[in-house]
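Participant: Numbering (mature numbering (1 follows the signal peptide of the UniProt record, and there is no 0)) for the sequence shown: -20 to -1, 1 to 169. I am attaching a structure below and will ask some questions about it afterwards.
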Amino acid sequence: MKRLLFVLFAGLVLAGCATHGEDPLAPKTVHSVNLKRYQGTWYELARLPMYFQRDCAQSEAHYSLKPDGNVDVLNRCLTADWQWEEVKGTAYPQVPGKTDKLWVEFDTWFSRLIPGVAKGEYWVLYVSDDYKTAIVGDPSRKYMWLLSRTPTVNGVVREELLSKARQQGYDTTRLIWRASDRQMAKTSN
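Here it is in structure tokens:
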């Protein structure tokens, strides 16, 4: 009888520790993204360091909605030596019907070798009402991007994005900012 009570008690304790739904410590997403409005070109204003973008001076993402509801992704990166690098992929909901948390799978030799393994989490943490600025990150807070429909934004918008990112627990002191066209021109001379 003691053993049965112990097993029941242990089960209750474990059940109490289990999380149902979302991790309360994870960043908060916008809950819904109108992917039709979200499609188009987004310029990276700043990002947290990421290995795959280590040589990028300017980056942009092009999204287009597919008939099946998924999103074609084209990420482009201009290196300091004026070389364009690009990768294509597909974004799709982590949970069917929810558009704030997406998986992004890029078409690389590795993803073709082992399908489904090389995918990243793309959480939309903020998007302005006019769909002109956005913040995207991952739940570990290791990666984050400040995005805009234009290559630059004014100081007020910049501070608003930084404030929102900090409120979500991201370390904005480590951001790598987009190189200006003027900076790029100096490096080519």
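We put the CB at the ideal spot given by N, CA and C, even for glycine.
1) If I follow the unbroken beta strand (DSSP E) through V67, where does it start and stop?
2) Since T113 and S128 are thought to touch, with beta carbons under 8 Å apart, how far apart are those beta carbons, to the nearest angstrom?
3) When DSSP labels each residue in this structure, what does R154 get in the three-state scheme?
4) Which residues does DSSP list as the beta-bridge partners of T113?
5) Check whether the Cβ atoms of M164 and A37 lie closer than 8 Å to each other.
6) For the structure I just gave you, are there three or more beta carbon pairs, one from the region 7 to 14 and one from the region 22 to 36, closer than 8 Å?
7) Here's a check: name, in chain order, each residue in its chain whose Cβ is nearer than 7 Å to the Cβ of Y123, leaving out the five neighbours to either side.
8) Over the uninterrupted beta strand (DSSP E) stretch that includes Q38, give me the two end residues.
9) Within the continuous beta strand (DSSP E) that includes K81, where are the two ends?
10) Could you please give the first and the last residue of the uninterrupted alpha helix (DSSP H) stretch that includes A6?
11) For A26, write down the residues that DSSP places opposite it in a beta bridge.
12) Near I156, what residues of its chain come up, given a Cβ to Cβ distance below 7 Å and the 5 sequence neighbours on each side ignored?
13) Give the straight-line distance between the Cα atoms of G77 and P131, rounded to the nearest whole angstrom.
Facilitator: Looking at the atomic coordinates:
1) By 1-based counting over the sequence shown, the position of residue 67 is 87. 64 to 73 is the span of the beta strand (DSSP E), which, as asked, contains V67.
2) Here residue 113 corresponds to residue number 133 of the sequence shown, with the count starting at 1. Here residue 128 corresponds to residue number 148 of the sequence shown, with the count starting at 1. At roughly 5 Å, the Cβ-Cβ gap stays under 8 Å, so T113 and S128 are in contact.
3) Numbered from 1 along the sequence shown, position 174 holds the residue referred to as residue 154. Three-state DSSP puts R154 in a helix.
4) Residue mapping note: residue 113 aligns to position 133 of the sequence shown, counting from 1. T113 is bridged to S128.
5) Here residue 164 corresponds to residue number 184 of the sequence shown, with the count starting at 1. Here residue 37 corresponds to residue number 57 of the sequence shown, with the count starting at 1. In contact: M164 and A37 (Cβ atoms closer than 8 Å).
6) no
7) Reading the sequence shown from its first residue, position 143 is the one you call residue 123. Here the set comprises L28, M30, G117.
8) Here residue 38 corresponds to residue number 58 of the sequence shown, with the count starting at 1. Taken as a continuous stretch (DSSP letters only), the beta strand (DSSP E) holding Q38 covers 36 to 45.
9) Taking the sequence shown and counting its residues from 1, one reaches residue 81 at position 101. From DSSP, the beta strand (DSSP E) with K81 extends over 81 to 86.
10) Here residue 6 is taken as the residue at index 26 of the sequence shown, counted from 1. Where A6 is concerned, there is no enclosing alpha helix (DSSP H), given that its DSSP letter is neither H nor E.
11) What you label residue 26 is simply residue 46 of the sequence shown in a count that begins at 1. For A26, which the question treats as bridged, DSSP gives the partners L126, W157.
12) Indexing the sequence shown from 1 puts residue 156 at position 176. So the list reads A26, R27, P29, once near-sequence residues are dropped.
13) Within the sequence shown, the letter at position 97 stands for residue 77. Within the sequence shown, the letter at position 151 stands for residue 131. G77 and P131: Cα-Cα distance of roughly 31 Å.
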